[in-house]
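Residue numbers (our numbering): 1 to 145.
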């Protein structure tokens with residue numbers, strides 16, 4: 001059963017779409033379930049995320065986790081956005097069914113992938129950021145959260 005927040009973010013997704021000339025773009029997928037998530041970031045000269053948008057092909061939980069993830073990073077610094085974990089995504093949605101927790105991992109990895117792209121474009125290193133996975137199904141069956 002989905003929470004009210006999950007249903008709200010699925011039926012009324014926030015920040016869906018693309019950013020023209022984004023600072024960073026990250027795309028991740030899950031080969032096992034077929035979900036694909038693309039995250040766009042607009043980052044100012046001070047390293048603050050001015051805008052974040054997403055495009056997701058997947059189930060309702062994938063759309064909801066994408067939507068809430070954008071809300072969690074807008075207004076945050078790059079370093080603060082790096083701290084948005086799949087657990088933070090699940091908590092912000094008041095929970096997800098166990099079989100859908102992998103969608104929150106997609107959101108975390110999409111943020112990291114967009115930050116990685118931003119760092120590469122600007123020839124900078126973001127402390128604590130490692131090269132993201134393209135496919136989160138490489139993760140263990142049940143991510144920690």
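We treat Cβ as the ideally placed atom computed from N, Cα and C, and that holds for glycine. From a predicted model like this one, the values you see are computed outputs, not experimental measurements.
Could you tell me the boundaries of the beta strand (DSSP E) in which residue i lies?
i: residue 49; result: 49-57
Just how far apart, CA to CA, sit residue i and residue j?
i: residue 28; j: residue 112; result: 10 Å
i: residue 148; j: residue 121; result: No answer is possible for residue 148: the residues shown for the chain start at 1 and end at 145.
i: residue 97; j: residue 1; result: 7 Å
i: residue 20; j: residue 41; result: 10 Å
Please list, in chain order, all residues of the same chain as residue i whose beta carbon is under 7 Å from its beta carbon, the five residues on each side excluded.
i: residue 64; result: 6, 9, 10, 93
Using 10 angstroms around the beta-carbon of residue i, count the other beta-carbons present and answer buried if the total reaches 16, otherwise exposed.
i: residue 117; result: buried
i: residue 56; result: buried
List the DSSP bridge partners of residue i.
i: residue 28; result: 37
i: residue 77; result: 48
i: residue 43; result: 49
For residue i, which residues from the same chain have a beta carbon less than 6 Å from its beta carbon, with the 5 sequence-adjacent residues on both sides left out?
i: residue 58; result: 35
Can you name, in chain order, every residue of its own chain whose Cβ lies under 8 Å from the Cβ of residue i, other than the five neighbours on each side?
i: residue 129; result: 82, 112, 115, 116, 119
i: residue 142; result: Because the pLDDT at residue 142 is just 48, under 50, the model does not fix this residue reliably, and the value given afterwards should be weighed accordingly. Excluding sequence neighbours, residue 142 sits near 98, 101.
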